[in-house]
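Engineer: Pasting a structure below so you can have a look.
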Amino acid sequence: MALIEAENLVVEFPVFTNSHRSLKNTLLNATTGGRIAHAAGNKVLVRANDQLSFKIAEGERVGLLGHNGSGKTTLLRALAGAYEPTEGYLNVEGKVASLLDISLGMDVDASGYDNIFLRGIMMGLSPKEIKAKMIDIAEFTELGEYLDMPVRTYSSGMLLRLAFAVSTSVDADIIVMDEWLSVGDADFNEKAAKRLKSFVDNASILVIATHSEELLKNVCNRAFRLEHGQFVDEFDPRVEAVA
Amino acid sequence: MDELSIEPLEARQRVKESSYTLALRDLLGGVNKASIWNILGWQDIKQRYMRSVLGPFWLTISSAILVAALGVLYATLLGQSIEEFIPHVAGGLLVWIFLSTMILEGCTVFIASEGIIKQIRLPLTVHVCRMVWRNVIIFLHNAVILLCVLYFVPEVDIAHLLTIPVAILVIAFNGIWIGIVLGVLCTRFRDIHQIITNFVQILFFLTPIFWKPELLQDRGWVANYNPAYHFIELVRSPLLGNGIPVFSWSVIMLLTVAGFILAYFMLARYRHRVAYWL
Chain A
3 MALIEAENLV VEFPVFTNSH RSLKNTLLNA TTGGRIAHAA GNKVLVRAND
53 QLSFKIAEGE RVGLLGHNGS GKTTLLRALA GAYEPTEGYL NVEGKVASLL
103 DISLGMDVDA SGYDNIFLRG IMMGLSPKEI KAKMIDIAEF TELGEYLDMP
153 VRTYSSGMLL RLAFAVSTSV DADIIVMDEW LSVGDADFNE KAAKRLKSFV
203 DNASILVIAT HSEELLKNVC NRAFRLEHGQ FVDEFDPRVE AVA
Chain B
42 MDELSIEPLE ARQRVKESSY TLALRDLLGG VNKASIWNIL GWQDIKQRYM
92 RSVLGPFWLT ISSAILVAAL GVLYATLLGQ SIEEFIPHVA GGLLVWIFLS
142 TMILEGCTVF IASEGIIKQI RLPLTVHVCR MVWRNVIIFL HNAVILLCVL
192 YFVPEVDIAH LLTIPVAILV IAFNGIWIGI VLGVLCTRFR DIHQIITNFV
242 QILFFLTPIF WKPELLQDRG WVANYNPAYH FIELVRSPLL GNGIPVFSWS
292 VIMLLTVAGF ILAYFMLARY RHRVAYWL
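Chains A and B, in that order, are what the protein sequence lines are.
So the number in my numbering is just where the residue sits in the first sequence, counting from 1, plus 2.
So the number in my numbering is just where the residue sits in the second sequence, counting from 1, plus 41.
Set out below in structure tokens:
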């Protein structure tokens, strides 16, 4: 049973310049009123998601539209559990797989195999389960003997292949994704697309941020438009063209 | 379909779980995820010594050299017998390394796991436990030296020696709250790490590692008000056959309780902010 419910969801970022991270300025801030405090403590808060309320049920494929900086990725991060809402209510039921910045969190000094193993453990698989999937993942990446080498020797394309293969190897109820992932050169890309499609088909909810009308029409059955962190429109992309 | 389809508020009240419940779940859930921090901790060790022949036993060798060299040096400087001084230095130095590394690595515990924290949802305590576990593994490699220096101890009391594993467990346990408190603080204020580094350096000289507290005479409070001294005594006192240090145990027990209360409040208040501060 997969479900996402949100009510008045707010995600707010403190933006730190170097001076805000400094203890001295915070202390000055606390001990001095007035002028200095004003200069030192002018903390910038960015409200990336502003009072969002929605419900996404099983079987729904939701596309998020909006300009850069409209809060799409932040919302995805909140759904993935990386950012906890500052205010409001968010309930995510089901196992979430996040395909945002998939190459983040790789241990660059560890080998490819080690990284598959570590990532699997952190995603909640048992060592046994990972070992069972290991051959399949390794084969899929086509990295061969490179998998024994430290990840820092990989090209960015190879790194992405590895990250992609691992991230798509767990079963998930909910998938959050920033644009349809495309990995590797022409040949590999086709293979990856197939794997991604079956990964998505197996999940009961997909939330994807995108700029592509084509994708929206083909994949999604619901679309939200975000502007300045707020929903301004909802439509069915299969019926309605993107305004 | 133009209107916004915002679901109406449901009649039942949606109770947002209190931050204290979530903090408790983070703490217990994190400690409970042993399968994760165990593997990550070992991975860190493996990483550090990947291409060396002796692997983690380099830890033992470096510590042994340090204990031997500094033990002989300070025994001579302070005019004490080497046989008596080496076990004193070994016990003190190894516990100090264990404790101070946890303090220093506690400062960067979340910063170092930034990639994972932003990518995979795990209790923050898991990252702290990984750091503590890594240091326990290192300490256990060093513990070989403690066994060796028993050779110099005139009266070994086995019953007292058996309290040492408990002491190590208690020190490691304290590493968890230290890691949470310093980790949260240092993620928010990046200067605190530098302050702590300096503080730990000074503390090293103020702690009876290379000298004996008896030397202080009427200034014994320097040692008695120093928690690091009591942490060391938990291990060193039974090692040297001086019995179980009841006063040190009481101090550490109080510190453990106070520390965990502090860590719990820090988690409740700031746990959800850590990802934003990274």
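Where a beta carbon is used, it is the ideal one built from N, C-alpha and C, also for glycine.
Out of L81/B, F151/B, Y192/B, V197/B, point me to the one whose CA is closest to R314/B's CA.
Structural biologist: For R314/B, the nearest C-alpha among the options comes from F151/B.
Engineer: Starting from G139/B, trace the alpha helix (DSSP H) both ways and give me its first and last residue.
Structural biologist: First, the amino acid is wrong: residue 139/B is Phe here, not Gly. F139/B -> alpha helix (DSSP H) spans 123 to 148.
Engineer: Jot down the residue ranges of each uninterrupted beta strand (DSSP E) in the stretch 149 to 183 of chain A, minimum 3 residues, whole runs only, in chain order.
Structural biologist: Segments of the beta strand (DSSP E) lying fully in the stretch 149 to 183 of chain A: 176 to 180.
Engineer: Could you round the C-beta distance between L11/A and G90/A to whole angstroms and report it? I think they count as a contact, below 8 Å.
Structural biologist: Correct: roughly 4 Å between the Cβ atoms.
Engineer: Quick one: Cα of H213/A to Cα of S72/A, how far?
Structural biologist: So the two alpha carbons sit approximately 12 Å from each other.
Engineer: Taking a Cβ distance cut-off of 8 Å, strictly less, list which residues of the stretch 56 to 82 of chain B are near chain A, in chain order.
Structural biologist: So the close ones are K57, S76, I77, I80, L81.
Engineer: So the beta strand (DSSP E) R224/A belongs to, where does it begin and stop?
Structural biologist: Looking at the DSSP string, the run of the beta strand (DSSP E) that includes R224/A is 224 to 229.
Engineer: In angstroms with no decimal places, state the Cα-to-Cα distance between L78/A and G261/B.
Structural biologist: Between L78/A and G261/B, the C-alpha separation is close to 58 Å.
Engineer: Taking only three categories from DSSP, how would you classify K251/A?
Structural biologist: With chain A covering 3 to 245 only, the question about residue 251/A has no answer from this structure.
Engineer: Does any CB atom of chain A fall closer than 8 Å to the CB of D232/B?
Structural biologist: Closer than 8 Å: yes.
Engineer: Between L65/B and Y305/B, what straight-line distance do the alpha-carbon atoms span, to the nearest angstrom?
Structural biologist: Distance between the alpha carbons of L65/B and Y305/B is about 7 Å.
Engineer: Take C170/B as the anchor and find which of E196/B, R162/B, V194/B, W218/B has the nearest alpha-carbon.
Structural biologist: Ranking E196/B, R162/B, V194/B, W218/B by Cα distance to C170/B puts W218/B first.
Engineer: Do F119/A and R197/A come within 8 Å of each other at the CB atom, strictly closer than that value?
Structural biologist: No, these two residues do not count as a Cβ contact at 8 Å.
Engineer: So what does Q84/B bridge to, in DSSP terms?
Structural biologist: Looking at the DSSP assignment, Q84/B forms no beta bridge with any residue, so it has no partner.
Engineer: Does any residue of chain A bring its CB to less than 8 Å from the CB of Y317/B?
Structural biologist: Closer than 8 Å: yes.
Engineer: The beta strand (DSSP E) that contains V234/A, what's its start and end?
Structural biologist: 232 to 237 is the extent of the beta strand (DSSP E) around V234/A.
Engineer: Beta-carbon within less than 7 Å of M125/A's beta-carbon, same chain only, minus the 5 sequence neighbours each way: which residues are those?
Structural biologist: Within the same chain, M125/A has close Cβ partners V172.
Engineer: Determine the DSSP secondary structure at R37/A, reduced to helix, strand or coil.
Structural biologist: With a pLDDT of 49 at R37/A, under the threshold of 50, the predicted position of this residue should be treated as unreliable, and no value is reported.
Engineer: For the beta strand (DSSP E) holding P16/A, just list the boundary residues, first then last.
Structural biologist: It spans 5 to 17 - the beta strand (DSSP E) in which P16/A sits, taken as one unbroken run.
Engineer: Look at the alpha carbon of L217/A and the alpha carbon of E181/A, and state the distance between them as a whole number of angstroms.
Structural biologist: Each residue's alpha carbon lies about 9 Å from the other.
Engineer: How is D109/A classed by DSSP in three states: helix, strand or coil?
Structural biologist: Of the three classes helix, strand and coil, the one that applies to D109/A here is coil, per DSSP.
Engineer: Let's test the definition: count the other Cβ atoms within 10 Å of the Cβ of M63/A and tell me whether it reaches 16, buried, or not, exposed.
Structural biologist: In the sequence as displayed, the identity of residue 63/A is Arg instead of Met. Buried, because 16 or more other Cβ atoms sit within 10 Å of the Cβ of R63/A.
Engineer: Beta carbons nearer than 7 Å to chain B: which residues of the stretch 201 to 228 of chain A have them?
Structural biologist: Taking 7 Å as the Cβ-Cβ cut-off against chain B, none of the residues of the stretch 201 to 228 of chain A qualify.
Engineer: Can you list the residues of chain A that H313/B reaches, using a CB-CB cut of under 7 Å?
Structural biologist: By Cβ distance, chain A contributes E86.
Engineer: Are any of the Cβ atoms in chain B nearer than 8 Å to that of K199/A?
Structural biologist: Judged by the 8 Å Cβ criterion, K199/A is not in contact with chain B.
Engineer: Taking C-alpha atoms, which residue in G220/B, V194/B, L188/B lies nearest to P206/B?
Structural biologist: Among G220/B, V194/B, L188/B, the Cα nearest to that of P206/B is on L188/B.
Engineer: Compare the C-alpha of V292/B against each of G282/B, L308/B, E274/B and name the closest.
Structural biologist: Measuring from the Cα of V292/B, the nearest candidate turns out to be E274/B.
Engineer: With V225/B and I144/B assumed to form a contact (beta carbons below 8 Å), what rounded beta-carbon distance in angstroms separates them?
Structural biologist: No, V225/B and I144/B are not in contact; Cβ-Cβ is about 14 Å, not under 8 Å.
Engineer: Where N176/B and T142/B are concerned, what is the direct C-alpha to C-alpha distance, given to the nearest angstrom?
Structural biologist: If you take the alpha carbons of N176/B and T142/B, they lie about 7 Å apart.
Engineer: Below 8 Å on the Cβ atoms is my guess for S184/A versus N191/A; work out the distance and round it to an integer in Å.
Structural biologist: S184/A to N191/A, Cβ: 6 Å. Contact.
Engineer: To the nearest angstrom, how far is the alpha carbon of W318/B from that of D259/B?
Structural biologist: Cα-Cα distance, rounded: 46 Å.
Engineer: Going by beta-carbon coordinates alone, are L228/A and L66/A separated by less than 8 Å?
Structural biologist: Contact: yes.
Engineer: For a contact defined as C-beta to C-beta under 8 Å, what are the partners of L100/B on chain A?
Structural biologist: Near L100/B there are no residues of chain A at all, since even the closest Cβ is about 18 Å away, more than 8 Å.
Engineer: Using three-state DSSP, classify D189/A as helix, strand or coil.
Structural biologist: D189/A falls in the helix class under three-state DSSP.
Engineer: Express the C-alpha separation of D232/B and Y266/B in angstroms, rounding to a whole number.
Structural biologist: Approximately 26 Å, taken between the alpha carbons.
Engineer: Please list the partners that I161/B has in chain A, where partner means a Cβ-to-Cβ separation under 7 Å.
Structural biologist: Neighbours of I161/B on chain A, chain order: G107, M124, M125.
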